[in-house]
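Sequential numbering from 107 applies to the sequence shown in my numbering.
Input: a single structure, listed below in structure tokens.
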Amino acid sequence: MAVRVLFCGVRGSTPAPGPEFVRYGGHTSCLALAHDDEEPKLVLDAGTGLQRLTRHLDGRAFRGTIMVGHLHWDHTHGIPFFRAGELPNSRVSMLIPAQGDAEAVLERAMSPPHFPIRPSELMGHWSFAGIEEGERTVEGFSVTAREIPHGGGRTFGYRVSDGTSTIAYLSDHAPANLGPGPEGFGGYHAAALELARDVDVLIHDAQYTAAEFEARAGWGHSAIDYAVGLAKAAGARWLMLFHHDPSRTDEQIDEIVQSLADSPVPITAASEGMTLSL
Numbered sequence: 107m108a109v110r111v112l113f114c115g116v117r118g119s120t121p122a123p124g125p126e127f128v129r130y131g132g133h134t135s136c137l138a139l140a141h142d143d144e145e146p147k148l149v150l151d152a153g154t155g156l157q158r159l160t161r162h163l164d165g166r167a168f169r170g171t172i173m174v175g176h177l178h179w180d181h182t183h184g185i186p187f188f189r190a191g192e193l194p195n196s197r198v199s200m201l202i203p204a205q206g207d208a209e210a211v212l213e214r215a216m217s218p219p220h221f222p223i224r225p226s227e228l229m230g231h232w233s234f235a236g237i238e239e240g241e242r243t244v245e246g247f248s249v250t251a252r253e254i255p256h257g258g259g260r261t262f263g264y265r266v267s268d269g270t271s272t273i274a275y276l277s278d279h280a281p282a283n284l285g286p287g288p289e290g291f292g293g294y295h296a297a298a299l300e301l302a303r304d305v306d307v308l309i310h311d312a313q314y315t316a317a318e319f320e321a322r323a324g325w326g327h328s329a330i331d332y333a334v335g336l337a338k339a340a341g342a343r344w345l346m347l348f349h350h351d352p353s354r355t356d357e358q359i360d361e362i363v364q365s366l367a368d369s370p371v372p373i374t375a376a377s378e379g380m381t382l383s384l
């Protein structure tokens with residue numbers, strides 16, 4: 107048994123086109139998970155990276171579930187451009203953190219005059235529902251959702267397991283909203299520790315360097331140092347830096363990873379198009 111994780115988009119806040127961002131990619135947050143050699147059935151977030159999943163499926167319809175961590179633009183802008191989800195035989199179940207009628211909440215950003223169509227006008231077969239914290243089975247995976255601080259609407263982190271391998275996904279995380287914590291980057295609070303405890307891979311918000319964080323602590327994201335500290339505190343076996351700042355160039359990300367080479371937890375920067383087999 108193996109879990110495959112396809113990184114469809116790893117950028118945060120806004121897409122980052124241009125030659126400085128080619129190797130790590132410019133699409134915003136989206137992961138696709140599959141069992142063994144099957145096609146992906148579980149998607150985490152629906153940023154512009156969702157378009158890469160369409161290319162991966164190569165003309166085949168998507169039949170599965172998209173779980174959105176929160177509803178900011180960089181996590182939802184891929185929805186109306188997801189061609190694999192709009193084919194006649196597609197089936198897309200979209201789950202969001204509960205905050206009223208799910209379709210109506212999505213429609214607030216996806217409807218005229220902001221966008222030409224509404225969620226109900228997507229082709230294919232789409233359904234929308236809100237979920238609360240807790241554990242559930244989704245597309246053959248055990249998924250735990252916990253609310254984590256971010257700002258501007260409910261935000262969930264997810265823990266996903268097939269019974270043999272486990273990942274934690276905290277794409278947008280502002281632990282400093284709960285206080286400075288031991289190093290000034292936010293505390294290692296119960297929800298974060300529960301999600302990341304002993305995981306094979308922790309995929310975590312790493313938008314700011316320590317030098318940047320002091321001026322941006324209230325902007326809803328983590329310092330890279332916090333992600334490293336959480337990985338250590340939770341016993342994660344591997345840390346993947348995610349949600350790269352849109353201004354962070356390939357060379358700058360390389361330098362960050364090199365500076366962390368002596369960490370007791372192996373650290374990699376997530377890049378668009380990469381696939382993990384766990």
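Idealized CB from N, CA, C, for every residue including glycine.
All of these numbers come straight from a predicted model, not from anything done at the bench.
Nearest-angstrom Cα distance between residue i and residue j?
i	j	result
G269	A140	13 Å
R224	G191	15 Å
Y130	N195	33 Å
S119	G155	13 Å
G335	G287	11 Å
D278	F348	9 Å
W179	M173	15 Å
E209	A333	33 Å
P319	N283	Correcting the residue identity first, residue 319 is Phe in this sequence and not Pro. Cα to Cα, F319 sits roughly 13 Å from N283.
D207	A235	7 Å
G132	H181	13 Å
L345	L384	14 Å
P222	R197	22 Å
S217	D311	29 Å
G341	A367	18 Å
P388	L308	Residue 388 lies beyond the stretch modelled for the chain, which goes from 107 to 384, so this question has no answer here.
D306	P219	44 Å
G184	Q157	7 Å
R296	A339	One detail in the question is off: residue 296 reads as Ala in this sequence, not Arg. If I take the Cα positions, the gap works out to 11 Å.
S377	S226	33 Å
R388	A316	The first residue shown for the chain is 107 and the last is 384, placing residue 388 beyond what the model contains.
E241	P125	41 Å
G175	G153	11 Å
I417	E289	The question about residue 417 has no answer, for the chain in this structure spans 107 to 384.
P372	G165	36 Å
Looking at the secondary structure, which residues open and close the beta strand (DSSP E) in which residue i lies?
i	result
V198	R197 to P203
S365	Careful: S365 lies outside any beta strand (DSSP E), inside the alpha helix (DSSP H) at D356 to S365.
T243	G240 to V244
T381	T381 to S383
Is residue i helix, strand or coil by DSSP?
i	result
A330	Inspection of the sequence shows that residue 330 is occupied by Ile rather than by Ala. Three-state result, I330: helix.
E318	helix
A138	strand
Y168	Here the sequence assigns Phe to residue 168, which means Tyr is not the residue at that position. Here F168 sits in coil by DSSP.
H349	coil
R343	coil
A376	coil
L148	strand
G335	helix
T154	coil
T160	helix
Which residues in the same chain have their Cβ closer than 6 Å to the Cβ of residue i, if we skip the five residues on either side of it in sequence?
i	result
T171	L148, S199, V244 and E245
L301	R252, G263, R265 and A274
G326	H256, G257 and A280
L382	V111
A375	L347, I359 and V363
L177	G259
R169	R197
G285	G293
D142	A108
T272	V305 and D306
To which residues of the same chain is residue i closer than 7 Å at the C-beta, ignoring the five residues directly before and after it?
i	result
E238	A204
T160	F188, R189 and A190
L228	P186 and E192
Go to residue i, then tell me how far its alpha helix (DSSP H) extends in each direction, as first and last residue.
i	result
A235	Where A235 is concerned, there is no enclosing alpha helix (DSSP H), although the beta strand (DSSP E) it sits in stretches over W232 to I237.
L228	Premise fails: L228 is in no alpha helix (DSSP H) and is neither H nor E.
E213	A208 to E213
R189	Where R189 is concerned, there is no enclosing alpha helix (DSSP H), given that its DSSP letter is neither H nor E.
Looking at residue i and the ligand MN, is the gap between the Cβ and the nearest heavy atom below 6 Å?
i	result
F234	The ligand MN is absent from the structure shown, which contains no ligands of any kind.
Give a yes or no on whether the minimum CB-CB distance between residue i and chain C is below 7 Å.
i	result
A282	The chain inventory of the structure shown lacks chain C, comprising one protein chain alone.
Inset, instruction - Kindly provide the ranges of any beta strand (DSSP E) runs that are 3 or more residues long and lie completely inside the segment 254–329, ordered along the chain. - result: Secondary structure remark: continuous beta strand (DSSP E) runs of at least 3 residues inside the segment 254–329, in chain order: 262–267, 272–276 and 307–311.
Legend entry - Residue ranges of each beta strand (DSSP E) within the segment 107–136, 3 or longer: Complete beta strand (DSSP E) runs here, min 3: 109–115.
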